[in-house]
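Residue numbers (our numbering), protein chains in the order written: chain A, 26 to 176; chain B, 26 to 176.
Number of protein chains: 2
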Amino acid sequence: MSDPLSTLPGYLLRRASAAALAGLNRRLAPLGLRHVDASLLLILHSMPGTTQSEAGRLLDIQRANMVPIVSRLEGRGLIDRQKVDGRSQGLHLSSKGEALCAEVREEIEAYELALLAGLPEDMRESAVAVLEAFWRAAEALNVEALSGEEG
Amino acid sequence: MSDPLSTLPGYLLRRASAAALAGLNRRLAPLGLRHVDASLLLILHSMPGTTQSEAGRLLDIQRANMVPIVSRLEGRGLIDRQKVDGRSQGLHLSSKGEALCAEVREEIEAYELALLAGLPEDMRESAVAVLEAFWRAAEALNVEALSGEEG
DNA sequence: TATTGTTATACTCTATAACTATA
DNA sequence: TATAGTTATAGAGTATAACAATA
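Right, here's the structure in full:
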């Protein structure tokens with residue numbers, strides 16, 4: 026780790042994220058899920074009736090790219106669609122979906138705990154807040170650049 | 026940000042990483058580079074003669090996937106190949122590559138500084154160490170799981 | 001007009017297997 | 001036997017444009 030990249034927060038974020046994602050996907054694979062599927066199940070558990078456009082905005086996934094995700098979960102009988110109005114469909118976990126979601130929550134909780142346990146003890150308390158701060162800071166730079174283009 | 030995912034370090038890593046990557050790619054686009062190209066230029070500046078297999082191991086990119094990256098940069102006259110032995114080729118920045126690398130370093134440094142400046146002041150000192158720790162912790166879980174499969 | 005769900009499409013990134021030449 | 005570079009290919013993930021139906 027003596028390369029010129031190892032001190033760059035952006036690079037470290039990317040590498041840490043990729044490593045964590047690989048670990049999480051490995052844990053979710055036995056349930057036949059990818060991390061994005063698991064995210065959607067968690068959202069629908071906490072916020073039943075969320076539409077797929079709303080979920081896409083939460084997860085920063087384009088409407089168009091939500092279609093195969095929702096179809097896949099619906100095809101497995103994990104979620105149902107319920108018309109909200111003529112164009113929107115609220116998504117809900119089926120009982121099968123709730124059962125699988127419980128397993129997902131166990132896996133994710135175990136993984137996140139293991140991840141935090143791997144940190145030096147004196148970082149554990151502040152670690153999540155640091156990640157939130159990085160997210161916020163990176164988003165802020167993007168919003169800034171975007172408004173700079175348009176205005 | 027009141028969804029059930031916002032407290033999960035793995036999720037936060039992914040979102041922060043994606044946001045930071047988007048910002049960095051936006052800054053590198055005028056130079057005609059992607060973040061991975063920039064990473065390779067930085068490596069070759071600091072460690073001239075690195076082979077593409079070595080660079081791939083550093084960046085966690087498969088040998089096979091290094092080929093189009095190196096070809097692209099060589100095609101633009103940014104890097105040269107010099108035979109080390111019959112099978113390995115050391116990669117070196119051309120003078121054009123060094124010049125572009127200097128611009129890359131400016132852009133990246135400016136971006137990383139802006140990112141850190143967006144953090145609450147009391148986090149700035151420890152922030153990079155926290156990311157390093159997450160990377161290490163996530164990698165450790167992957168190594169553990171891998172040896173568990175094989176052994 | 002703006003939004004939802006959808007289709008089609010293209011591009012990037014990543015993963016795997018196999019081949020040749022070399023060590 | 002292991003490694004370097006390469007080719008081909010398949011799978012994810014992501015981005016954009018366009019359309020019909022609806023608000």
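A virtual CB, placed ideally from N, CA and C, is assigned to each residue, including glycine. In this text the structure is predicted, and so the values were computed from the model without any measurement.
Need the endpoints of the alpha helix (DSSP H) that residue i sits in, please.
i, result
"residue 62 (chain A)", "60-71"
"residue 52 (chain B)", "34-53"
"residue 122 (chain A)", "120-142"
"residue 94 (chain B)", "88-100"
"residue 31 (chain A)", "Premise fails: residue 31 (chain A) is in no alpha helix (DSSP H) and is neither H nor E."
"residue 84 (chain A)", "77-84"
Specify the secondary structure class of residue i as computed by DSSP and reduced to three states.
i, result
"residue 176 (chain B)", "At residue 176 (chain B), the pLDDT of 42 sits below 50, so the modelled position is not reliable; the number obtained from the coordinates is stated separately. In this structure, residue 176 (chain B) counts as coil in the three-state DSSP scheme."
"residue 116 (chain B)", "strand"
List, in chain order, every chain B residue whose beta-carbon is nearer than 8 Å to that of residue i.
i, result
"residue 137 (chain A)", "33, 34, 35"
"residue 71 (chain A)", "28, 29"
"residue 133 (chain A)", "33, 35"
Between which two residues does the beta strand (DSSP E) carrying residue i extend?
i, result
"residue 104 (chain B)", "104-108"
Quick one: using the 10 Å Cβ neighbour count with 16 as the cut-off for buried, is residue i buried or exposed?
i, result
"residue 77 (chain B)", "buried"
"residue 34 (chain B)", "buried"
"residue 173 (chain B)", "exposed"
"residue 41 (chain A)", "buried"
"residue 168 (chain A)", "exposed"
"residue 164 (chain B)", "buried"
"residue 88 (chain B)", "exposed"
"residue 150 (chain B)", "exposed"
Give the residues of chain A in contact with residue i, contact being defined as C-beta atoms less than 8 Å apart.
i, result
"residue 62 (chain B)", "Within chain A, no residue comes near residue 62 (chain B); the closest Cβ sits about 13 Å away, beyond 8 Å."
"residue 91 (chain B)", "The premise fails here: residue 91 (chain B) is roughly 15 Å from chain A at the closest Cβ pair, so nothing lies under 8 Å."
"residue 153 (chain B)", "32, 34, 37"
"residue 173 (chain B)", "Under the 8 Å cutoff, chain A gives no residues; its nearest Cβ is about 10 Å from residue 173 (chain B)."
Which chain A residues are close to residue i, counting only those with a beta carbon under 7 Å from its beta carbon?
i, result
"residue 167 (chain B)", "44, 47, 48"
"residue 164 (chain B)", "44"
"residue 157 (chain B)", "37"
"residue 141 (chain B)", "34"
What do you reckon, are the CB atoms on residue i and residue j nearer than 8 Å?
i, j, result
"residue 67 (chain B)", "residue 125 (chain B)", "no"
"residue 143 (chain A)", "residue 162 (chain B)", "yes"
"residue 166 (chain A)", "residue 140 (chain B)", "yes"
"residue 38 (chain A)", "residue 159 (chain A)", "yes"
"residue 57 (chain A)", "residue 117 (chain A)", "no"
"residue 107 (chain B)", "residue 100 (chain B)", "no"
"residue 98 (chain B)", "residue 147 (chain B)", "no"
"residue 138 (chain A)", "residue 122 (chain A)", "no"
"residue 69 (chain B)", "residue 136 (chain B)", "no"
"residue 53 (chain A)", "residue 132 (chain A)", "yes"
"residue 81 (chain A)", "residue 72 (chain A)", "no"
"residue 129 (chain B)", "residue 155 (chain A)", "no"
"residue 64 (chain B)", "residue 84 (chain A)", "no"
"residue 105 (chain B)", "residue 120 (chain B)", "no"
"residue 95 (chain B)", "residue 32 (chain A)", "no"
Could you work out which residues of chain B lie near residue i, taking near to mean beta carbons separated by less than 7 Å?
i, result
"residue 55 (chain A)", "Within 7 Å Cβ-Cβ: nothing; residue 55 (chain A) doesn't reach chain B, min ~12 Å."
"residue 123 (chain A)", "Here the premise fails: no neighbours, minimum Cβ distance about 14 Å."
"residue 39 (chain A)", "42, 46"
"residue 51 (chain A)", "170"
"residue 231 (chain A)", "Nothing in the structure corresponds to residue 231 (chain A), since chain A is present only between 26 and 176."
List the residues of chain B that residue i touches, going by C-beta distances under 9 Å, in chain order.
i, result
"residue 79 (chain A)", "None at all; the shortest Cβ gap to chain B is about 10 Å."
Run down chain A in chain order and give the residues with a C-beta less than 9 Å from the C-beta of residue i.
i, result
"residue 68 (chain B)", "28, 29, 30"
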